[in-house]
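The block underneath contains the structure these notes are about, expressed in C-alpha coordinates.
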Amino acid sequence: MLAMVAALARALLSLELEQQFNEPYLSTSLQDFWGRRWNIMVTRILRPTVYEPVLNRCARFVGRKWAPIPAVFGTFVVSAIMHELIFFYLGRVRPTWEITGFFLLHGACLMAEIALKKALGDTWRLPGMVSTPLTVGFVMFTGFWLFFPQLLRCRADERAMEEYTALAAFFRNLLF
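For any residue, its number in my numbering is found by taking its place in the sequence shown, counting from 1, and adding 1432.
This is the structure in C-alpha coordinates:
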(Lines of atoms letter the chains of each structure in order from A and count residues from 1; the text may use other names and numbers.)
(Lines give C-alpha, C1' and ligand atoms only; values in the text may rest on other atoms or scores of the structure.)
Protein backbone atom coordinates (compact mmCIF):
# COMPACT_ATOMS: atom_id res chain seq x y z
CA MET A 1 0.00 0.00 0.00
CA LEU A 2 2.77 2.44 0.94
CA ALA A 3 4.67 1.54 -2.21
CA MET A 4 1.55 2.33 -4.30
CA VAL A 5 1.19 5.74 -2.64
CA ALA A 6 4.87 6.46 -3.27
CA ALA A 7 4.52 5.46 -6.94
CA LEU A 8 1.42 7.64 -7.30
CA ALA A 9 3.18 10.63 -5.68
CA ARG A 10 6.19 10.09 -7.91
CA ALA A 11 4.06 9.94 -11.06
CA LEU A 12 1.58 12.73 -10.33
CA LEU A 13 3.61 15.18 -8.29
CA SER A 14 7.17 14.39 -9.36
CA LEU A 15 8.01 13.75 -5.71
CA GLU A 16 10.58 11.21 -4.66
CA LEU A 17 9.60 9.72 -1.31
CA GLU A 18 11.77 7.70 1.01
CA GLN A 19 12.13 4.04 0.16
CA GLN A 20 9.62 2.02 2.21
CA PHE A 21 10.95 -1.48 1.73
CA ASN A 22 14.27 -2.98 0.73
CA GLU A 23 13.57 -6.44 -0.67
CA PRO A 24 12.31 -7.95 2.62
CA TYR A 25 12.01 -11.36 0.96
CA LEU A 26 15.84 -11.49 0.99
CA SER A 27 16.12 -11.06 4.77
CA THR A 28 18.64 -13.38 6.38
CA SER A 29 17.54 -12.73 9.98
CA LEU A 30 14.85 -10.98 11.98
CA GLN A 31 17.38 -8.25 12.70
CA ASP A 32 17.91 -7.81 8.97
CA PHE A 33 14.17 -7.90 8.27
CA TRP A 34 13.04 -5.39 10.92
CA GLY A 35 16.12 -3.18 10.96
CA ARG A 36 17.03 -2.82 7.30
CA ARG A 37 14.34 -4.17 5.01
CA TRP A 38 10.77 -3.73 6.33
CA ASN A 39 8.99 -0.38 6.65
CA ILE A 40 12.21 1.60 6.64
CA MET A 41 10.46 4.90 7.37
CA VAL A 42 9.06 3.57 10.66
CA THR A 43 12.48 2.18 11.57
CA ARG A 44 13.97 5.63 10.99
CA ILE A 45 11.33 7.16 13.26
CA LEU A 46 11.49 4.59 16.07
CA ARG A 47 15.30 4.36 16.21
CA PRO A 48 15.91 7.93 17.53
CA THR A 49 12.64 8.23 19.47
CA VAL A 50 12.49 4.87 21.27
CA TYR A 51 15.45 2.57 20.60
CA GLU A 52 18.32 4.99 21.25
CA PRO A 53 16.88 6.54 24.47
CA VAL A 54 16.16 3.07 25.90
CA LEU A 55 19.60 1.88 24.74
CA ASN A 56 21.35 4.77 26.47
CA ARG A 57 19.33 4.32 29.67
CA CYS A 58 19.89 0.56 29.80
CA ALA A 59 23.62 0.87 29.01
CA ARG A 60 24.10 2.31 32.51
CA PHE A 61 22.71 -0.86 34.09
CA VAL A 62 23.63 -3.76 31.82
CA GLY A 63 26.52 -2.29 29.84
CA ARG A 64 26.79 -1.24 26.22
CA LYS A 65 27.12 -4.81 24.94
CA TRP A 66 23.76 -6.03 26.28
CA ALA A 67 21.79 -2.76 26.19
CA PRO A 68 20.43 -3.40 22.66
CA ILE A 69 18.36 -6.31 23.98
CA PRO A 70 15.94 -4.31 26.19
CA ALA A 71 16.08 -1.42 23.68
CA VAL A 72 14.81 -3.71 20.92
CA PHE A 73 12.04 -5.07 23.12
CA GLY A 74 10.99 -1.56 24.17
CA THR A 75 10.80 -0.56 20.51
CA PHE A 76 8.58 -3.56 19.73
CA VAL A 77 6.30 -2.71 22.67
CA VAL A 78 5.82 0.81 21.30
CA SER A 79 5.24 -0.57 17.79
CA ALA A 80 2.65 -3.02 19.17
CA ILE A 81 0.76 -0.22 20.89
CA MET A 82 0.90 1.94 17.75
CA HIS A 83 -0.49 -0.90 15.63
CA GLU A 84 -3.27 -1.65 18.12
CA LEU A 85 -4.28 2.02 17.95
CA ILE A 86 -4.15 2.04 14.14
CA PHE A 87 -6.31 -1.08 13.93
CA PHE A 88 -8.77 0.32 16.44
CA TYR A 89 -8.98 3.52 14.40
CA LEU A 90 -9.49 1.55 11.18
CA GLY A 91 -12.28 -0.68 12.39
CA ARG A 92 -13.51 0.56 15.74
CA VAL A 93 -13.32 -3.09 16.80
CA ARG A 94 -12.36 -4.03 20.35
CA PRO A 95 -8.70 -5.17 20.42
CA THR A 96 -8.01 -8.89 20.61
CA TRP A 97 -4.32 -8.22 21.36
CA GLU A 98 -3.22 -10.50 18.53
CA ILE A 99 -1.32 -7.58 17.01
CA THR A 100 0.43 -7.00 20.33
CA GLY A 101 1.19 -10.71 20.48
CA PHE A 102 2.71 -10.56 17.01
CA PHE A 103 5.05 -7.71 17.91
CA LEU A 104 5.95 -9.05 21.36
CA LEU A 105 6.73 -12.45 19.84
CA HIS A 106 8.93 -10.85 17.18
CA GLY A 107 10.57 -8.64 19.81
CA ALA A 108 11.31 -11.65 22.01
CA CYS A 109 12.69 -13.65 19.08
CA LEU A 110 14.80 -10.71 17.98
CA MET A 111 16.13 -10.35 21.54
CA ALA A 112 17.09 -14.04 21.50
CA GLU A 113 18.75 -13.63 18.10
CA ILE A 114 20.79 -10.65 19.28
CA ALA A 115 21.80 -12.41 22.51
CA LEU A 116 22.85 -15.50 20.55
CA LYS A 117 24.89 -13.41 18.11
CA LYS A 118 26.58 -11.57 21.00
CA ALA A 119 27.32 -14.82 22.85
CA LEU A 120 28.68 -16.63 19.79
CA GLY A 121 30.26 -13.63 18.12
CA ASP A 122 30.45 -13.43 14.36
CA THR A 123 32.10 -16.83 14.16
CA TRP A 124 28.98 -18.78 13.23
CA ARG A 125 26.13 -17.88 10.90
CA LEU A 126 23.62 -19.90 8.95
CA PRO A 127 24.06 -19.83 5.17
CA GLY A 128 21.69 -17.48 3.37
CA MET A 129 20.01 -20.41 1.61
CA VAL A 130 18.90 -21.62 5.04
CA SER A 131 18.44 -18.37 6.98
CA THR A 132 16.38 -16.56 4.34
CA PRO A 133 13.60 -19.18 4.06
CA LEU A 134 13.57 -19.57 7.86
CA THR A 135 13.26 -15.81 8.39
CA VAL A 136 10.67 -15.17 5.70
CA GLY A 137 8.75 -18.30 6.68
CA PHE A 138 8.65 -17.24 10.34
CA VAL A 139 7.46 -13.73 9.45
CA MET A 140 4.79 -15.09 7.09
CA PHE A 141 3.59 -17.79 9.51
CA THR A 142 3.28 -15.41 12.45
CA GLY A 143 1.74 -12.76 10.21
CA PHE A 144 -0.98 -15.09 8.99
CA TRP A 145 -1.49 -16.41 12.51
CA LEU A 146 -1.55 -13.16 14.53
CA PHE A 147 -1.48 -10.08 12.29
CA PHE A 148 -3.75 -10.58 9.30
CA PRO A 149 -6.80 -11.98 11.15
CA GLN A 150 -7.17 -8.66 12.97
CA LEU A 151 -6.72 -6.78 9.72
CA LEU A 152 -9.59 -8.73 8.20
CA ARG A 153 -11.69 -8.54 11.37
CA CYS A 154 -11.70 -4.75 11.22
CA ARG A 155 -12.66 -5.02 7.53
CA ALA A 156 -9.65 -3.00 6.38
CA ASP A 157 -9.72 -4.79 3.03
CA GLU A 158 -13.34 -3.76 2.41
CA ARG A 159 -12.66 -0.21 3.52
CA ALA A 160 -9.64 0.03 1.24
CA MET A 161 -11.69 -1.15 -1.73
CA GLU A 162 -14.36 1.45 -0.90
CA GLU A 163 -11.66 4.13 -0.80
CA TYR A 164 -10.17 2.99 -4.12
CA THR A 165 -13.64 2.97 -5.70
CA ALA A 166 -14.31 6.49 -4.42
CA LEU A 167 -10.93 7.67 -5.70
CA ALA A 168 -11.58 6.13 -9.13
CA ALA A 169 -15.03 7.77 -9.25
CA PHE A 170 -13.48 11.11 -8.34
CA PHE A 171 -10.96 10.91 -11.19
CA ARG A 172 -13.60 9.61 -13.61
CA ASN A 173 -15.85 12.60 -12.79
CA LEU A 174 -12.88 14.95 -13.01
CA LEU A 175 -11.79 13.72 -16.44
CA PHE A 176 -15.12 13.00 -18.11
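Each residue gets a CB set at the ideal place from its N, CA and C atoms; glycine is no exception.
Exercise for review: For arginine 1587, collect the residues of the same chain with a Cβ closer than 7 Å to its Cβ; drop the 5 residues on either side in sequence, then sort them by chain order.
Suggested key: The residue given as residue 1587 occupies position 155 in the sequence shown. Excluding the 5 residues flanking it on each side, arginine 1587 has same chain C-beta neighbours closer than 7 Å at Gly1523, in chain order.
Check your understanding: Quick one, are the C-beta atoms of histidine 1538 and valine 1509 less than 9 Å apart?
Key -> Within the sequence shown, the letter at position 106 stands for residue 1538. Within the sequence shown, the letter at position 77 stands for residue 1509. The answer is no: Cβ separation not under 9 Å.
Check your understanding: Where does tryptophan 1466 fall in DSSP's three states?
Key -> What you label residue 1466 is simply residue 34 of the sequence shown in a count that begins at 1. Of the three classes helix, strand and coil, the one that applies to tryptophan 1466 here is helix, per DSSP.
Point to revise | Distance CB(leucine 1578)-CB(glycine 1506) smaller than 9 Å | key: Taking the sequence shown and counting its residues from 1, one reaches residue 1578 at position 146. Taking the sequence shown and counting its residues from 1, one reaches residue 1506 at position 74. No, the Cβ-Cβ distance between leucine 1578 and glycine 1506 is not below 9 Å.
Point to revise | Cβ contact (3+ pairs, closer than 8 Å) linking the region 1449-1461 and the region 1548-1567 | key: A contact exists between the region 1449-1461 and the region 1548-1567.
Exercise for review: Please name the residue in Asn1454, Arg1479 and Glu1484 whose C-alpha comes closest to that of tryptophan 1470.
Suggested key: For the purposes of this step, residue 1470 is taken as residue 38 along the sequence shown, with counting starting at 1. Closest by C-alpha distance to tryptophan 1470, out of Asn1454, Arg1479 and Glu1484, is Asn1454.
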